[in-house]
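Novice:
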Amino acid sequence: MVLKLAEAAYNAFFPTKYVVHIIVGLVTVLVLRAFSQGRRTNRERDLHARKILVTGGFTPTGLTILQSLAQRGAHIIALSPHPIDSPEVTVIISLLRTTFSNEEIYAEQCDLASPSSIRSFCTKFLTGSDQRLDAIIFAHEYQHIGSASFVRRTDDATSKRESGSLATFLITTLLLPALLVAPVERDIRVITVVNPFYAAAAGPSFVIPFHTASSKSIFLHEGIRSLRTAIFTRHLQRILDALPTAQVPKTDEGSSTIPVVNPKSQKSNIVAVSVSPGISRSDTIGPLLNADWTAPGYATAGVVLYLLLQPLLRILTKSPTAAVQTVLHALFLPTPFKVTSKAAPSPKGPADQGTPIDSAVIDMPEEVLKPGALYAECAAVRLNVPKPPDPLASEGISQKEEKGKGKSGLREEVIEVVDDGEYGGEVMGRLVWEAYEEALKAWEEANPPPKEAKQSAPDTDPPQTDIRN
């Protein structure tokens, strides 16, 4: 009787003449979903005894990053805008410790929308007994900011975009001294996670200064924010490579292998890269529809639409697990310093004429992390950004005349930054860096610290460095 009922149901819902169509449809859906989830990293790395600082760790993608790091034994410091004794923080940290049997997971309060809070955390870290950092993952800039017109929030999306970018810049510059004094053998990585709309701004629509974008397109605003961060990260790598303290680890005595010391591949033990995880349904589509019902100001229409679109979203957009694959790939890939070659150097060929990012794979026996590159789908992205006119050249200022002259006439150290032509070249990187400095001053003036903090906080201004070519 049961078999007859099953046969009747099968014939009613799956007629024989439509079997081929059903199979083709299912295969198409599976292929689309596999394609939309993107590539998965084929790398693995033991992170025990590695201390990693994570911002944005309490977003959906950030939580997945924390889980992946905790699973591999990393020592994690997750920054949270909430007090560390609040339920939303203590519950998550306790669950991570218990689930992965890793007690080296901590949370620190740091409101990334407040420059005084950022300075307070960095001061506390720099004056602590353990200043080791093996990696910094800036995951807070990935989450989409801005909603569609029919579910638009009342808060200022422009201010949120700029404060997030400036928080990355401020933390980087404040913690950079601790990274520079680390042993040269230590593999240190700075990973900025950006949204996937950078390509929308890679053209004439890209504007360098903050507060100047006139377009009403949400995706263009997000693209400018993403591309600006990627250019800043690329220029940070140029500065790290230009520092006189950049060294190559020494070869172990008696070793039959030699470290890869190609100066085109890597000059500093600190590697800065940008990562675009792609379009995530939780961190891209959800905020775009203002559908986060756990946050104040959500739109009911957005929540309903988000729920109705779930079948399509689960096929065409990434889950948090799929989104973090490129982040993990950038964290797991070996750097040129960590790759050894037993073969003799190959003769120079046409490949040696490429850009520094391209040359990072020359003579390498395996894939290595490309310093300063933008990664998407577990691969470095080629991105053509027009080179802007150099204001120094237009003013007729000679670098040699400027070099070594301070305000009091004393000589000051000038870093020679090489123009590699990547992402708008050194000129674009320098202009973006200067735009960050100017916007940071305005941001701190608009958000002064409390009187108590102002009286007790030491001077921890970001180092002022001449980064002209």
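Numbering (the working numbering), first residue to last: 34 to 502. Glycine residues also receive a C-beta, built at the ideal position from the N, C-alpha and C atoms.
(1) So, for Leu-159: in the same chain, excluding its five sequence neighbours on each side, which residues have a beta-carbon less than 8 Å away from its beta-carbon?
(2) Give me, in chain order, the residues of the same chain whose beta-carbon lies closer than 7 Å to that of Val-325; leave out the 5 immediate sequence neighbours on both sides.
(3) Report the partner residues of Ile-204 according to the DSSP bridge assignment.
(4) So, is Tyr-139 buried or exposed, given that buried needs 16 or more other C-beta atoms within 10 angstroms?
(5) For Ser-313, which residues in the same chain have their Cβ closer than 7 Å to its Cβ, ignoring the five residues on either side in sequence?
(6) What do you reckon, are the CB atoms on Val-450 and Ala-275 nearer than 7 Å?
(7) What does DSSP give as the partner residue(s) for Ser-307 in the beta ladder?
(8) Indicate the three-state DSSP secondary structure (helix, strand or coil) for Ile-178 in the structure shown.
(9) Are at least three pairs of beta-carbons, each pair with one atom in the segment 403-418 and one in the segment 256-272, less than 8 Å apart?
(10) Assuming Gln-100 and Leu-129 form a contact by the criterion Cβ under 8 Å, report the distance between their Cβ atoms to the nearest whole angstrom.
(11) Measure the C-alpha to C-alpha separation of Phe-239 and Ala-190 and round it to an integer number of angstroms.
(12) Taking the beta carbon of His-54 as the centre, do at least 16 other beta carbons fall within 10 Å, making it buried, or is it exposed?
(13) Looking only at DSSP bridge pairs, what is Val-87 linked to?
(14) Count Cβ pairs between the segment 144-159 and the segment 225-232 that sit closer than 8 Å; are there 3 or more?
(15) Counting Cβ pairs closer than 8 Å, one from the segment 67-80 and one from the segment 101-116, do we hit at least three?
(16) Taking Cβ positions, are Arg-261 and Val-465 nearer each other than 7 Å?
(17) Rounding to the nearest angstrom, what Cα-Cα distance links Ala-305 and Lys-193 in this structure?
(18) Helix, strand or coil for Pro-482 per DSSP?
(19) Can you list, in chain order, the residues of its chain with a C-beta nearer than 8 Å to that of Ile-241? Leave out the 5 residues immediately preceding and following it.
Specialist: On the basis of the coordinates in this document:
(1) Leu-207, Leu-208, Pro-210, Ala-211, Thr-493
(2) One detail in the question is off: residue 325 reads as Asp in this sequence, not Val. Result list for Asp-325: Gly-319, Tyr-331, in chain order.
(3) DSSP, once it has assigned bridges, lists no residue as partnering Ile-204.
(4) exposed
(5) Thr-94, Thr-350, Lys-351, Pro-353, Ala-356
(6) Pairing Val-450 with Ala-275 gives a Cβ-Cβ distance under 7 Å.
(7) Thr-225, Leu-407
(8) coil
(9) Segments in contact, yes.
(10) 7 Å
(11) 18 Å
(12) exposed
(13) DSSP lists Ala-111, Ile-170 as partners of Val-87.
(14) no
(15) The segment 67-80, when compared against the segment 101-116, does touch it at the 8 Å Cβ threshold.
(16) yes
(17) 24 Å
(18) coil
(19) Arg-261, Pro-421, Met-461, Leu-464, Val-465, Ala-468
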